[in-house]
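As given, the protein sequences belong to chains A and B, one line each in that order. Heads up, the first sequence is in my numbering, so the first residue is 1 and it goes up one at a time. Heads up, the second sequence is in my numbering, so the first residue is 150 and it goes up one at a time. Right, one structure below, let's go through it.
There are 2 protein chains.
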Amino acid sequence: MIMDDSKYDVLKIENQLCFPLYACSREIVKRYKPFLDQIDLTYTQYIVMMVLWEEKSVNVKELGARLYLDSGTLTPLLKKLESKGLLTRTRSDKDERNLIVTLTEAGEQLKEQAVEIPMQIAGCTNLTAEEGVMLYRILYKMLGQSAEK
Amino acid sequence: MIMDDSKYDVLKIENQLCFPLYACSREIVKRYKPFLDQIDLTYTQYIVMMVLWEEKSVNVKELGARLYLDSGTLTPLLKKLESKGLLTRTRSDKDERNLIVTLTEAGEQLKEQAVEIPMQIAGCTNLTAEEGVMLYRILYKMLGQSAEK
DNA sequence: TACAATTCAATTGCACACAATTGAATTGTG
DNA sequence: CACAATTCAATTGTGTGCAATTGAATTGTA
Chain A
1 MIMDDSKYDV LKIENQLCFP LYACSREIVK RYKPFLDQID LTYTQYIVMM
51 VLWEEKSVNV KELGARLYLD SGTLTPLLKK LESKGLLTRT RSDKDERNLI
101 VTLTEAGEQL KEQAVEIPMQ IAGCTNLTAE EGVMLYRILY KMLGQSAEK
Chain B
150 MIMDDSKYDV LKIENQLCFP LYACSREIVK RYKPFLDQID LTYTQYIVMM
200 VLWEEKSVNV KELGARLYLD SGTLTPLLKK LESKGLLTRT RSDKDERNLI
250 VTLTEAGEQL KEQAVEIPMQ IAGCTNLTAE EGVMLYRILY KMLGQSAEK
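Put into structure tokens, the structure is as follows:
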């Protein structure tokens with residue numbers, strides 16, 4: 001009689017959904033690196049810029065909500081992007097608590113180089129179109145749960 | 150005539166697969182935190198312990214391959230787990246370059262508390278069983294690509 | 001209107017991640 | 001055997017992430 005499962009099976013990494021999620025996320029970000037190096041951005045800086053390329057101007061709270069990041073992560077990162085001249089940081093007149101982040105002309109120009117990246121990355125994936133769509137749908141379903149709070 | 154797409158659409162966060170992966174990974178790890186706090190482990194320490202609960206003894210290279218982590222991350226983390234008494238770190242006799250990490254009795258005992266965690270986490274997910282299986286399969290397909298190198 | 005509660009970004013402290021380098025140990029090769 | 005190349009873990013330096021706290025600004029309420 002074979003007896004190869006036990007109450008400890010749940011503790012095997014291969015039986016957990018969180019681990020491949022965690023590992024995959026880091027592997028994909030790593031795949032972006034050579035491309036992002038060309039425009040001197042880290043992955044986190046890149047997704048902040050993506051929001052600005054869409055919105056032109058957002059406050060830190062909105063940015064954090066979009067990216068699931070808090071001010072502890074964003075504040076130093078935004079200061080760095082400001083020092084690179086890609087954005088400006090100014091307090092709102094209406095409410096001095098709010099910090100408004102605005103794309104500069106240099107930031108806008110970076111978009112021209114960045115637009116090449118998604119295409120280059122797309123070729124790196126071994127998923128079918130259907131798998132991509134499925135993965136996307138499932139991940140956003142999980143994220144939706146987080147957003148509800 | 151509506152003209153609401155452009156060559157910049159690829160730069161919208163919602164059109165990228167990497168972002169929900171990155172965000173989801175962090176959100177799920179965050180969901181583990183209250184449970185891991187009870188046994189005083191971080192998520193990364195937890196997955197290292199999971200390997201040891203399975204293997205009893207591994208070297209740093211193997212551990213890194215299993216977890217997609219390098220010695221820069223593992224060395225300080227293993228020293229911390231050693232100082233907690235959960236594992237020992239010894240050089241291999243056969244090859245002094247190799248560091249062998251071995252589970253201690255205390256580490257083995259922690260397994261009894263850890264075994265409750267996966268069950269508690271499972272209840273936190275809003276995915277169907279099918280979605281869970283699908284997600285798992287797709288993520289490991291992507292990871293397989295990384296493993297090939 | 002006072003003033004308590006709330007809402008912001010910033011700060012602090014800790015724990016990863018990871019690229020790049022270092023230095024010791026081992027292996028491969030002439 | 002000598003010694004160059006390789007393989008390890010450790011170290012260094014930079015950049016996140018995030019919980020918890022702080023302090024200024026605003027809002028809600030007695």
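Backbone N, C-alpha and C fix where the C-beta goes; we use that ideal spot for every residue, glycine too.
ask   = Quick one: is Lys298 of chain B buried, meaning 16 or more other Cβ sit within 10 Å of its Cβ, or exposed?
value = Because the pLDDT of Lys298 of chain B is 40, which lies under 50, any placement of that residue in the model is unreliable, and the number read from its coordinates should be weighed accordingly. Label assigned to Lys298 of chain B: exposed.
message = Give me the subset of the stretch 272-294 of chain B whose CB atoms are less than 9 Å from a CB atom of chain A, sorted by chain position.
response = Cys273, Thr274, Asn275, Leu276, Glu280, Gly281, Met283, Leu284, Tyr285, Arg286, Ile287, Leu288, Tyr289, Lys290, Met291, Leu292, Gly293 and Gln294
query = Can you find a CB in chain B that lies within less than 8 Å of the CB of Leu17 of chain A?
reply = yes
task = Following the continuous alpha helix (DSSP H) through Ser57 of chain A, name the residue where it begins and the one where it ends.
result = Ser57 of chain A -> not in any alpha helix (DSSP H); beta strand (DSSP E) instead, spanning Ser57 to Asn59.
task = Mind listing the chain B neighbours of Ile28 of chain A? Cutoff is C-beta to C-beta under 7 Å, in chain order.
result = Cys167 and Leu170
key: Endpoints, the beta strand (DSSP E) within which Leu17 of chain A is located   = Leu17 of chain A -> no beta strand (DSSP E), and no H or E assigned at all.
request  = Determine which residues of the stretch 66-83 of chain A have a Cβ less than 8 Å from any Cβ of chain B, and write them out in chain order.
outcome  = Arg66, Leu67 and Tyr68
inquiry  = Below 8 Å on C-beta distance, what does Glu54 of chain A contact in chain B?
reply    = Leu160, Lys161 and Ile162
key: Alpha-carbon to alpha-carbon, Arg31 of chain A and Lys233 of chain B   = 35 Å
Beta carbon of Val115 of chain A nearer than 8 Å to that of Tyr157 of chain B = yes
inquiry  = Let me make sure I understand the geometry here. Which of A:Thr125, A:Arg137 and A:Val60 has the alpha-carbon closest to that of Lys290 of chain B?
reply    = A:Thr125
request  = Excluding the 5 residues preceding and the 5 following Arg215 of chain B in the sequence, name in chain order all residues of the same chain whose CB lies nearer than 8 Å to its CB.
outcome  = Val200 and Val207
ask   = Does any CB atom of chain B fall closer than 8 Å to the CB of Ala106 of chain A?
value = no
Short CB-CB distance (under 8 Å) between Pro183 of chain B and chain A = no
task = Just the C-alpha distance for Asp219 of chain B and Pro225 of chain B, rounded to the nearest angstrom, thanks.
result = Asp219 of chain B and Pro225 of chain B: Cα-Cα distance of roughly 11 Å.
ask   = DSSP three-state call for Arg89 of chain A: helix, strand or coil?
value = Looking at Arg89 of chain A - three-state DSSP - the assignment turns out to be strand.
query = Comparing alpha-carbon positions, which option in B:Glu203, B:Cys167, B:Gly221 and B:Ile177 lies nearest Tyr43 of chain A?
reply = B:Cys167
ask   = Would you say Val51 of chain A faces chain B, with C-beta separation under 8 Å as the test?
value = yes
ask   = In whole angstroms, what is the alpha-carbon distance linking Ala278 of chain B and Ile287 of chain B?
value = 14 Å
key: Selected residue, minimal CA-CA separation from Glu176 of chain B, among B:Ile270, B:Leu160 and B:Trp202   = B:Ile270
Own chain partners of Ser241 of chain B with C-beta closer than 8 Å, once the 5 adjacent residues on each side are dropped = Asn208, Asn247, Leu248 and Ile249
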